[in-house]
Amino acid sequence: MITENPMPRTVKLAELAALVGEDLGHSRWLTVDQRRIDTFADATDDHQWIHVDTDAAKDGPFGRTIAHGHLTLSLLIPLWSELLDVRNATTKINYGLDRVRFPAPVPSGARIRLQAVIDEVTEIHGGVQLVADAVIHAERGSKPVCVARPVLRYLA
12 MITENPMPRT VKLAELAALV GEDLGHSRWL TVDQRRIDTF ADATDDHQWI HVDTDAAKDG
72 PFGRTIAHGH LTLSLLIPLW SELLDVRNAT TKINYGLDRV RFPAPVPSGA RIRLQAVIDE
132 VTEIHGGVQL VADAVIHAER GSKPVCVARP VLRYLA
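Mapped onto the numbering used here, the consecutive letters of the sequence shown carry residue numbers 12 to 167.
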């Protein structure tokens with residue numbers, strides 16, 4: 012459940028290069044509840060007890076179930092779309108990741124949000140490639156839950 016409503020920064024493709032070094036701010040908070048975790052487990056066939064067995068997880072290292080790291084990572088793109096809207100791009104491609112780390116877990120029921128800085132914008136055939144420094148934080152967490160460098164392509 013998303014509980015805030017910021018407006019994404021809206022730019023044209025030709026304006027992306029001017030945003031290098033810009034902090035895009037934070038996305039809205041998104042609750043990662045047990046239903047979402049269970050649905051991800053079903054979709055990926057990863058039913059490890061630490062994610063889906065609420066009773067066993069009470070006695071585990073985190074005191075409750077935690078989200079899969081790849082679930083947290085998969086939420087980067089919808090959270091990213093709350094930060095930046097490139098108006099005249101006809102195609103937007105998640106091209107990959109330069110690195111990913113999960114410094115802290117996301118406990119079931121936690122709220123997360125994305126903060127991102129545009130690090131690179133490079134012209135490519137038919138558009139631009141953008142690399143960002145992205146950090147996903149959990150509310151009341153002392154460390155980030157995901158640190159990544161997404162590589163996105165915006166084509167004209």
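Quick reminder that beta carbons are idealized off the backbone N, C-alpha and C, glycines included.
Helix, strand or coil: which one does DSSP assign to residue i?
i: H148; result: strand
i: K103; result: strand
i: A29; result: helix
i: P89; result: helix
i: V63; result: helix
i: A115; result: coil
Per the DSSP calculation, residue i is bridged to which residue(s)?
i: D34; result: V128
i: G138; result: I135 and L166
i: R122; result: T42
Note down the Cα distance separating residue i from residue j, rounded to an integer number of angstroms.
i: R98; j: V128; result: 19 Å
i: G80; j: E134; result: 31 Å
i: K103; j: V43; result: 25 Å
i: T55; j: R47; result: 12 Å
i: S38; j: D57; result: 28 Å
i: T65; j: D130; result: 39 Å
i: A167; j: K154; result: 38 Å
i: I61; j: A68; result: 5 Å
i: L41; j: G32; result: 25 Å
i: G74; j: S119; result: 10 Å
i: P114; j: V158; result: 8 Å
i: V162; j: V142; result: 5 Å
i: M18; j: E93; result: 7 Å
What span of residues does the alpha helix (DSSP H) with residue i cover, start to end?
i: G80; result: G80 to S85
i: T50; result: Q45 to T55
Within the continuous beta strand (DSSP E) that includes residue i, where are the two ends?
i: D96; result: L95 to V97
i: R164; result: C157 to L166
i: V22; result: R20 to V22
Could you round the C-beta distance between residue i and residue j to whole angstroms and report it? I think they count as a contact, below 8 Å.
i: R20; j: L90; result: That pair is no contact at about 14 Å.
i: A100; j: G71; result: With a Cβ gap of about 43 Å, A100 and G71 do not count as contacting.
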